[in-house]
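Using this note's numbering, the first residue of the sequence shown is number 1260, and each one after it goes up by one. Report on the following structure.
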Amino acid sequence: MLIDTHQRIHNYLRISLTDACNFRCFYCMPEEEVEVTPQSKLMSADEILAIAKTFVSLGVNKIRLTGGEPLVRKDFADIVLSLAKLPVKLTLTTNGVLLNRYTDLLQEAGIHSVNVSLDTLNPYKFLALTKRDQFAQVKQNIDTLINKGFSVKVNVVTLKGINTQEINDFVEWTREAPVHVRFIEFMPFDRNQWNAEKVFTYHQILEVIREQYDCIKLPDAQHDTTKKYMVTGHVGTFAVISTMTAPFCSSCNRLRLTADGKMKNCLFSKTESDLLSAYRRGEDLEPLIRENLALKEKGLGGQLLPDFTQIDTTELANRSMISIGG
Ligand code: SAM
Ligand code: SF4
């Protein structure tokens, strides 16, 4: 088992398949074009499987594939089908634009739950946020997944003054559709234009929703990062991921593997361990994994302050979100 010094059991690994993306969301990707990691420095499909197997042997039983955009990997199908043979619950986070190519594959691999990012229901705003004119394709792909019986969680990064006017449009979507909308508080990463003024908090999100709807709190599972709710009578649900104002670190069970094979014990951790190079040298990964886990801080990588308005982004040592894998 993978237990850290704060007695948290870690059984969930998020693997980034690539730091490349077909979208350009400003809150995720630095404004100046960043160079994507060359193929030779990325984990190959076989290396992903081998490293994932080590984690599974140490107690990991849930794996989420993410990125960058995981579906831009040419060998995505090989990766998914090989990981699907492991004794894990396999899931995926995607921007959704290529999902139409992979729906059958996901079913074949036993993936029934997919997280899709969609920050606006307005095609023009979508273009402004992602720099891609692909709203219709993403929305259609989400609708198709829902119709095929997938459980679909829609991730909405909630940015003050940019999409906060649409919070109740997203909640309205849950009236007829069994969709699970998750509003995510804006988090600071390397060069992502974060400032405290742009954060729309858990409390503010609920206030907006309660002006229009009667909603009830749903129970949260032990390791949930979300605070779940539903509007009375709606078939879908909504939730808030409140990293900035009410973090969930005390029950954290997550580990991360970047596309270039570095282990991170927290989204905000300063430290990384180079598992891929060690694997390529033929070394045993277990000691490295345990050493890295032993360094896990009690909360927010030991970097973010409890009062987010006091955060000085110039003092944060981290990658951009796109190169960590969200
Ligand atoms: N490309 C895929 C996608 O967009 O879903 C997977 C990778 S993306 C980095 C994973 C998640 O992180 C997305 O839901 C995205 O909205 C979220 N995200 C990225 N930057 C963020 C930030 N600064 N604050 C909060 N969430 C962020
Ligand atoms: Fe790409 Fe996802 Fe980041 Fe947007 S949030 S730039 S879709 S990786």
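All residues carry an ideal CB built from backbone N, CA and C; glycine is no exception.
Every alpha helix (DSSP H) stretch that sits fully inside the segment 1388-1456 and reaches 4 residues is listed by chain position as 1394-1406 and 1426-1435.
By the 16-neighbour rule on beta-carbons within 10 angstroms, H1462 is exposed. The beta carbon of D1334 is closer than 7 Å to those of A1304 in its chain, skipping five residues each way along the sequence. Two segments are said to touch when three or more pairs of C-beta atoms, one from each, lie closer than 8 Å; by this definition the segment 1523-1534 touches the segment 1553-1566. Every residue whose beta carbon comes nearer than 7 Å to a heavy atom of the ligand SF4 appears here in chain order: C1280, F1282, R1283, C1284, C1287, M1288, G1326, G1327, E1328, N1354, S1376, T1389, M1580, I1581 and G1585. In this structure Y1488 is in contact with A1498, their Cβ atoms being roughly 7 Å apart against a cut-off of 8 Å. I1464 has its CB no nearer than 6 Å to any heavy atom of the ligand SAM.
In the DSSP assignment, T1350 falls outside any alpha helix (DSSP H) and lies within the beta strand (DSSP E) extending over K1348 to T1353. R1513 counts as buried, since at least 16 other C-beta atoms from the protein chains shown sit within 10 angstroms of its C-beta. Under the three-pair Cβ rule at 8 Å, the segment 1304-1314 counts as touching the segment 1339-1354. Using a C-beta cut-off of 8 Å, the segment 1392-1405 makes contact with the segment 1372-1383, since at least three inter-stretch Cβ pairs fall below that distance. Distance between C1280 and L1272, taken at the CA atoms: about 21 Å. If only uninterrupted beta strand (DSSP E) runs of at least 3 residues are considered, those enclosed by the segment 1297-1366 are 1321-1325 and 1348-1353. Under the DSSP assignment, M1288 falls outside any beta strand (DSSP E); it carries neither an H nor an E label. Boundaries of the alpha helix (DSSP H) around V1467: Y1461 to Q1471. In terms of CA proximity to I1475, L1465 leads the group T1484, L1465 and H1482. No Cβ-Cβ contact shorter than 7 Å links D1449 with R1283. Judged by DSSP secondary structure, N1551 falls within the alpha helix (DSSP H) whose first and last residues are E1545 to A1553. Residue F1385 holds the alpha-carbon nearest to the alpha-carbon of F1285 among N1359, N1270 and F1385. Set against 6 Å, the gap from the CB of V1347 to the closest heavy atom of the ligand SAM is not smaller. Comparing alpha carbon positions, the residue from R1540, R1549 and R1469 closest to I1262 is R1549. Rounded to the nearest whole angstrom, the C-alpha separation of S1275 and T1517 is 5 Å.
Taking the C-beta atoms as reference points, S1316 is found no nearer than 7 Å to T1350. Closest by C-alpha distance to I1268, out of Y1538, R1539, T1389 and C1511, is C1511.
In the displayed model, I1570 falls within coil according to three-state DSSP, outside both helix and strand. Its Cα nearest to that of R1434, the residue Q1471 stands out among Q1471, I1500, S1536 and F1445.
Between T1504 and T1573, the CB-CB gap reaches or exceeds 7 Å. In the three-state reduction of the DSSP assignment, M1580 falls in the helix class.
Its Cα nearest to that of V1411, the residue A1436 stands out among D1392, A1436, L1418 and N1427. Judged by DSSP in its simplified three-state form, C1474 adopts strand.
In this structure, the beta-carbon distance from I1426 to V1458 does not fall below 7 Å.
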